[in-house]
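Notes follow the structure.
Numbering (UniProt numbering), first residue to last: 1 to 35.
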């Protein structure tokens, strides 16, 4: 499970694998793209 906070707001609170896959809404905020 991962949490991403941007500008004081939680923008992602969910599965780490989905975040790292590049398919989540917060992935682009972290510069992660789908392969």
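All residues carry an ideal CB built from backbone N, CA and C; glycine is no exception.
Apart from the five residues just before and just after residue 19, which ones in its own chain have a Cβ nearer than 8 Å to its Cβ? Contacts found: 2, 4, 12, 26, 27, 30 and 32.
Helix or strand or just coil, what does DSSP make of residue 25? Three-state result, residue 25: coil.
For residue 10, which residues in the same chain have their Cβ closer than 7 Å to its Cβ, ignoring the five residues on either side in sequence? The answer, listed in chain order, is 3.
Three-state secondary structure assigned by DSSP to residue 6: Residue 6 carries a strand assignment under DSSP once its states are collapsed to helix, strand and coil.
Return yes when at least one heavy atom of the ligand PLP lies under 8 Å from the C-beta of residue 1, else no. The ligand PLP is not part of the structure shown, which contains no ligands of any sort.
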